[in-house]
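Have a look at the structure below, then the notes.
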Amino acid sequence: RKEVEQDPGPFNVPEGATVAFNCTYSNSASQSFFWYRQDCRKEPKLLMSVYSSGNEDGRFTAQLNRASQYISLLIRDSKLSDSATYLCVVRGNNNDMRFGAGTRLTVKP
Amino acid sequence: GAGVSQSPSNKVTEKGKDVELRCDPISGHTALYWYRQSLGQGLEFLIYFQGNSAPDKSGLPSDRFSAERTGGSVSTLTIQRTQQEDSAVYLCASSLLAGAELFFGEGSRLTVL
Chain A
87 RKEVEQDPGP FNVPEGATVA FNCTYSNSAS QSFFWYRQDC RKEPKLLMSV
137 YSSGNEDGRF TAQLNRASQY ISLLIRDSKL SDSATYLCVV RGNNNDMRFG
187 AGTRLTVKP
Chain B
6 GAGVSQSPSN KVTEKGKDVE LRCDPISGHT ALYWYRQSLG QGLEFLIYFQ
56 GNSAPDKSGL PSDRFSAERT GGSVSTLTIQ RTQQEDSAVY LCASSLLAGA
106 ELFFGEGSRL TVL
């Protein structure tokens with residue numbers, strides 16, 4: 087079983103749609119959780135950290151369920167510029183940072 | 006610049022040759038990570054350095070792969086006797102502290118013929 091698993095998609099949604107991505111992790115001792123965004127042929131960049139109580143940044147909401155070892159990212163009112171691959175990242179108790187395979191999102195006019 | 010710098014940006018080599026990839030992290034960042042990304046795939050963890058601690062080599066796919074970090078700064082990833090399946094983009098990232106935000110370089114694209 088992979089340490090971090092994501093639905094690869096692709097998700098094709100119209101502008102203005104709400105879309106949600108899920109991620110599961112296998113190591114119950116994992117310390118921190120993040121969502122990164124990677125544009126085509128570019129390096130990944132931090133989108134947001136995921137806090138235990140859930141957190142929101144504009145149109146983006148991240149949630150963590152430690153009991154189920156599950157992380158989610160919700161994007162509301164999708165924009166064309168949201169088209170990218172979204173990577174779930176988990177920090178282990180050794181401070182190693184493990185990435186999921188990513189979920190590809192395409193927002194269409 | 007102030008970002009993570011990787012070189013070469015592109016490397017084409019023949020099967021069986023050795024290659025060295027270099028990463029110059031952001032000044033003052035104590036943690037340095039190497040990942041490999043094949044076309045259309047996610048990031049595969051290779052190795053992680055934190056300060057002067059022994060590196061976490063658990064992700065290196067074979068003993069042909071090795072990495073070092075000299076003086077807590079620049080890192081070199083070496084692949085010996087390259088194989089075609091080694092073809093990928095090798096990404097380096099640094100962070101101020103272990104587990105903090107990762108800042109990536111633009112990667113080194115390796116093609117093994």
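Note that the protein sequences, when read in sequence, are chains A and B.
Residue numbers in the first sequence follow my numbering, run continuously in steps of one, and reach 195 at the last position.
Residue numbers in the second sequence follow my numbering, run continuously in steps of one, and reach 118 at the last position.
Beta carbons: idealized from backbone N, C-alpha and C, even for Gly.
Remember, predicted model here, so these are calculated numbers, not experimental data.
Residue(s) in a DSSP beta bridge with residue i
i	result
glutamine 11(B)	Cys28(B)
glutamine 92(A)	Cys109(A)
cysteine 97(B)	Trp39(B)
alanine 187(A)	Its beta-bridge partners do not exist; DSSP assigns none.
arginine 69(B)	In the DSSP output, where bridge partners are listed per residue, arginine 69(B) has none listed.
asparagine 151(A)	Tyr156(A)
asparagine 98(A)	Thr192(A)
threonine 18(B)	Val117(B)
arginine 74(B)	Ser80(B)
For residue j and residue i, believed in contact at Cβ under 8 angstroms, the rounded distance
i	j	result
cysteine 174(A)	glutamine 117(A)	Contact doesn't hold; Cβ gap of about 14 angstroms is too wide.
threonine 83(B)	aspartate 23(B)	7 angstroms
phenylalanine 108(B)	serine 100(B)	7 angstroms
proline 94(A)	threonine 189(A)	6 angstroms
cysteine 28(B)	glutamine 11(B)	5 angstroms
phenylalanine 54(B)	serine 80(B)	7 angstroms
glutamate 89(A)	asparagine 113(A)	6 angstroms
Chain-ordered neighbours of residue i on chain A, where CB pairs are closer than 7 angstroms
i	result
alanine 103(B)	Asn181
Residues that residue i contacts on chain A, provided the C-beta gap is smaller than 9 angstroms
i	result
aspartate 29(B)	Near aspartate 29(B) there are no residues of chain A at all, since even the closest Cβ is about 15 angstroms away, more than 9 angstroms.
glutamate 111(B)	Lys128, Glu129
valine 96(B)	The question names valine, but residue 96(B) is leucine in the sequence shown. Neighbours of leucine 96(B) on chain A, chain order: Glu129, Pro130.
Contact set between residue i and chain B, taken where Cβ atoms lie within less than 7 angstroms
i	result
arginine 177(A)	Gly104
leucine 159(A)	Under the 7 angstroms cutoff, chain B gives no residues; its nearest Cβ is about 15 angstroms from leucine 159(A).
Under 8 angstroms from the C-beta of residue i: neighbouring residues of chain B
i	result
leucine 132(A)	Glu106, Leu107
N- and C-terminal bounds of the beta strand (DSSP E) containing residue i
i	result
leucine 160(A)	156-161
lysine 131(A)	131-136
proline 143(A)	Looking at the sequence shown, residue 143(A) is not proline but aspartate. Element bounds for aspartate 143(A): 141-143.
glutamate 49(B)	48-55
serine 80(B)	80-84
cysteine 36(A)	Because residue 36(A) is not part of the residues shown, which for chain A are 87 to 195, the question remains open.
serine 58(B)	Premise fails: serine 58(B) is in no beta strand (DSSP E) and is neither H nor E.
threonine 116(B)	113-117
serine 118(A)	118-124
Chain-ordered chain B contacts of residue i [CB-CB under 9 angstroms]
i	result
leucine 173(A)	Gly47, Leu48
Using a Cβ-Cβ cut-off of less than 7 angstroms, list which residues of the region 181-192 of chain A approach chain B; keep chain order.
Those residues of the region 181-192 of chain A that come within reach of chain B (Cβ to Cβ, closer than 7 angstroms) are Asn181, Asp182, Met183, Arg184, Phe185, Gly186, Ala187, Gly188.
For the region 96-123 of chain A, which residues have a beta carbon sitting closer than 7 angstroms to at least one beta carbon of chain B?
Here the close residues are Gln117, Ser118.
Name, going along the chain, the residues of the region 50-74 of chain B whose beta-carbon falls closer than 7 angstroms to a beta-carbon of chain A.
Against chain A - using a Cβ distance shorter than 7 angstroms - the residues of the region 50-74 of chain B are Phe50, Tyr53, Gln55, Asp61.
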